[in-house]
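Data first, discussion second: the structure below is written as structure tokens.
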Amino acid sequence: MTTRPDPDDLLERVMRDEERQARGRLKIFFGFSAGVGKTFAMLEAAQALAAQGGDVVAGVVETHGRAETEAQLAGLARLPMRMVAYRDRQLPEFDLDAALERKPGVILVDELAHSNVPGSRHAKRWQDIDELLRAGIDVYTTLNVQHIESLNDVVGQITGIRVFETVPDHVFDEADDVMLVDIPPDELLARLQQGKVYLPQQAEKAGRNFFRKGNLIALREIALRRTADRVDADMRQYRADRSIAQLWQARERIVVAIGSGSGEERLIREAARLAAKLQAQWLAVHVDLPGQRQAMEARERVVSYLKLAHSLGAETASISGEELAAALLQFARSRNAGKLVIGQEEGGLRRLLRWPRGTLAQRIARSGGEIDLYTIARSRTRHQHEPASPDSAASAAEALLTRRRRTRGTLWAVASCAITTTLAFLLDGKLHPANVIMLYLVGVMLVAMRYGRAASALVSVLSVLSFDFFFVDPRFSITVSDAQYLLTLAVMLAVSLFISSLTARLRRQASVAMQREARAANLYMLGKELSALLTLDQILEIGRRHLAAVFGARIAFFLPDSADQLRLAEPEQDSGAAHVFRNVDAGVAQWVYDNGQAAGKGTATLPSAAALYLPLTATMRTRGVLAFAIEAPSEEERQLAAAQLALPENRQMLEIFCSQIAMAIERLHYAEVAQDALVTMESERLRNSLLSAISHDLRTPLTSLVGSADVLAANARLDDDARAMARTISEQSQKMVGLMNNLLDMARLQAGVVTLNRQWNALEELAGSALRLLAKALEGRQVDTRIAPELPLLRVDAVLLERVLANLVENAIKYSPPGTPIGISAHVEHGDGAPQVKVCVMDQGRGFPPTMTQHAFEKFTRGDNESATPGVGLGLAICRAIIEAHQGRIWIAPQEAGQGATVCFTLPVEAQPAPPEE
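If you want it as structure tokens, here you go:
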């Protein structure tokens, strides 16, 4: 069964399709764990597409050394990686600009949740992919379930391991295709033991921690459920696009209708139990009917009922509708819900009044035969002895304002009837009685437009009585001599009441529509203005102005400092003073920021606070806190406005405003981070270029100087003093050559032009070579080498690693007393599960200053800037660059003060080469 599509929905669908056609398509290969075959499945799909003539390029594919995955790359064009400088080393990253310039039909970008190296254009790889999609490029990518933001905590509780690389849910939900890659947990564990997921040493540790069978079963269920949610959303979108009203009950879903009367708690709890029993998703909905003007107390009850339903796991909504049964059925069909839960209606007089059209259950049964209907008796407890709610002042305020409004309406109803009667009496004899009735109907319509249903009903009755009293024979009497006038008066009363009811309803609908249009327009203008702002003060001022215009409130913003402590953001001088809220509580704001939850007035946390405090939550983190205080001419109106703000639709609008402001602050933050990174990268490039140029220009004259000094020192015709001076010149020149070599090596390492010549080497031989280079400097010292027997071979660049050992030993010579021993130790340790060789160089000098341990490996850093010890502070920086290029780590081991210094580094142990055949 299909229904006539709504024109607005059709227009929105056309606009959405146009936007979708301009963007590329995103396909996610989704799995519950590493090793299930996501990358392999992605490459298989890419090969199939390439075989059909598609333009497929591999942008980033992480094979993790798996031979079968590497084989799937054969024949695919590959995009070279871009090298990014980070902490004196070059790291490979996806080249977004090259991909945009190449613009293939489909590009493979593995690991959607990957965090880019600082200094990249975007912080996250999913942001790179979003830019590719906006450029019209289709993207294939992979994702594990633990990297979805909303599931991160759940997975962490199950596995005991928290991952910090996450993807916002909307990226997964907005993907065009999601392919679930699934294998049984036993098969995955078998692959792990066969070394097809990790290296054997890593696999052993992973099997003891993350890859336990219970963990894998739970993760598999979560992934299946998340995929099922995605499929369910696609199905509902398909039904909406084709205006299919018939239910497709592929999944149990329950809708419970919440009223504004007392006793709805039992209905909500019964619905929650039913949903739990059926393992179904459930939704709590309240229908706001145009003919019902609810008192503040009733609206407060609705809000409390929706909060209760939300706390029990329901999705809540508040909708508007002309007729209750039709609105509930339309909502249930739009959410593809097959079960509807309502409360049992009261009997007595109200049941008799409903008799012509039937009860709510009967009306739903007539129109929604495909929906199962559950009727539950409401609680009969009226809560007469409950304490007054905190918002009782708002109810009293509304009662006072309602009495004032009704008084004005009554006065205008009487005045309107009197004016109409006077005008008709003056024109008596010139107007037909039917035209007199028309005058009265005009008065009824005007009162209904201004003062609503009650005043218009009163003026309708007064108009009928006035017409009978003044214009129907016998005049000045309510008796009627002509029986035909009885029909005239009855029809006049019915038409008057109908016009008053219809006008009041249209007035209320127009008022609601104008409010929504004004808020939507303000939201649009807020987003438009925020997108063009360049400073934080401008963003905050625009936020204050728009929030004040929409909600009539005073605003204060709290922003965090570098220590995540909030500070009140004061507006600029003479800017926005009318909208600034100054009576703020910094303690409440800090709690909101730390916990990411709203607090203050109208919430369950610190409800006695003078303002409502909301977190400014953006994509990556909370960016600050908004303090929001209602402003009104009188206390009664302020209480009423505060209570209305608690209604779901108003609170949702306020949260959207906060989200827009938070996103603008985050955009500005990342723009500043990108600018700083760009400046830093440019500074590093210029400095490296300068170091390289100076090193090249000085090496040639220094080499000539060393050669000439050596010739003079060997000349027997010179006296002893001259030859000693020549030897001094040679030694100092050689030190200058060493310094120039350090400068040149540092520049080459940072420029990424050094290619590692990895060969299998024994650490004992490398240490011996380094000590022979320093034989002269080590005269008078004892070197204690403690290298573990049967140390595995290391696949390293021998020249560079020899340089590391030489630099560390030379550093120990410089900063320890003459004659004291120097130690070198090496052994195998397993660390996080993967074996690695740990090497330490120890001396008995003063050690590193405590404040220097974090910065000792930075360029041009020395232990004592005023020391007479030669050097410019590049030795340790070169060591770190070389060790990190070998996927190792270097650090200063903690030592007691005055007990010397110990510098250690680790290098990974790879699978040993086979011994040569004899």
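Numbering (the working numbering), first residue to last: 1183 to 2100. We put the CB at the ideal spot given by N, CA and C, even for glycine. Keep in mind it's a predicted model, so treat the numbers as computed, not measured.
Annotation for M1263: P1274 place their beta carbon closer than 6 Å to its own, counting only its chain and skipping 5 residues before and after. Each residue's CA atom was taken as its position, placing L1953 and A1853 some 50 Å apart. The residue among L1225, G1625, L1808 and A1994 with its C-alpha nearest the C-alpha of Q2081 is A1994. Taking every protein chain shown into account, the CB of H2037 has fewer than 16 other CB atoms within 10 angstroms, so this residue is exposed. Among the bridge pairs identified by DSSP, K1306 is matched with S1297. In the three-state reduction of the DSSP assignment, F1740 falls in the strand class, which pools E and B. Annotation: the continuous alpha helix (DSSP H) that includes V1336 extends over N1334 to T1341. As far as DSSP is concerned, I1721 takes part in no beta bridge. Per DSSP, the unbroken beta strand (DSSP E) holding Q1941 starts and ends at R1940 to N1943. Under the three-state reduction of DSSP output, D1892 falls in the helix class. Within the DSSP bridge table, the entry for T1799 names T1804 as partners. Under the Cβ criterion (8 Å, minimum of three pairs), the segment 1303-1323 counts as touching the segment 1199-1214. Under the 8 Å Cβ criterion, the segment 1541-1560 does not count as touching the segment 1457-1471, having fewer than three qualifying pairs. CA-to-CA, the gap between G1784 and L1794 works out to about 7 Å. Comparing C-alpha distances from A1227 to each of T1324, R1418 and R1905 shows the shortest one belongs to T1324. The DSSP-derived three-state label of S1683 is helix. In the same chain as D1355, and ignoring 5 residues on each side of it, the C-beta atoms closer than 8 Å to its own belong to R1412 and A1415, in chain order. Here the C-alpha atom of V1861 lies approximately 10 Å from the C-alpha atom of V1855. The residue among S1912, Q2094, F1222 and S1678 with its C-alpha nearest the C-alpha of P1974 is Q2094. Note that the segment 1329-1339 does not touch the segment 1299-1314; fewer than 3 beta-carbon pairs, one per stretch, sit closer than 8 Å. V1626 is not bridged by DSSP to any residue.
Shown here for R1977: same chain residues with a beta carbon closer than 6 Å to its own, the five before and five after excluded, namely R1940, W1942 and E2092 in chain order. For M1361, the beta-bridge partners assigned by DSSP are F1211.
Non-local beta-carbon contacts of K1209 in its own chain, meaning distances under 6 Å to residues more than five positions away in sequence, involve Y1322 and D1359 in chain order. Around the beta carbon of H1614, a 10 Å sphere encloses fewer than 16 other beta carbons of the protein chains shown; the residue is thus reported as exposed. Excluding sequence positions up to five before and after M1674, its CB lies within less than 6 Å of the CB of I1619 and V1646, all in the same chain and listed in chain order.
In the displayed model, V1349 falls within a strand according to three-state DSSP.
Contact between R1560 and E1446 holds: their C-beta atoms lie close to 7 Å from each other, under 8 Å. The C-alpha of L1370 is placed about 11 Å away from the C-alpha of F1214. Residue range A1768 to N1777 is occupied by the alpha helix (DSSP H) that includes Y1775.
P1753 and P2017 have their C-alpha atoms some 57 Å from each other.
Excluding the 5 residues flanking it on each side, A1509 has same chain C-beta neighbours closer than 7 Å at V1469, I1501 and G1503, in chain order. Per DSSP, the continuous beta strand (DSSP E) segment holding K1521 begins and ends at K1521 to G1525. Under the three-state reduction of DSSP output, S1790 falls in the coil class, being neither helix nor strand. R1803 has its alpha-carbon roughly 30 Å from the corresponding atom of E2040.
Here DSSP, grouped into helix, strand and coil, assigns N1897 to coil.
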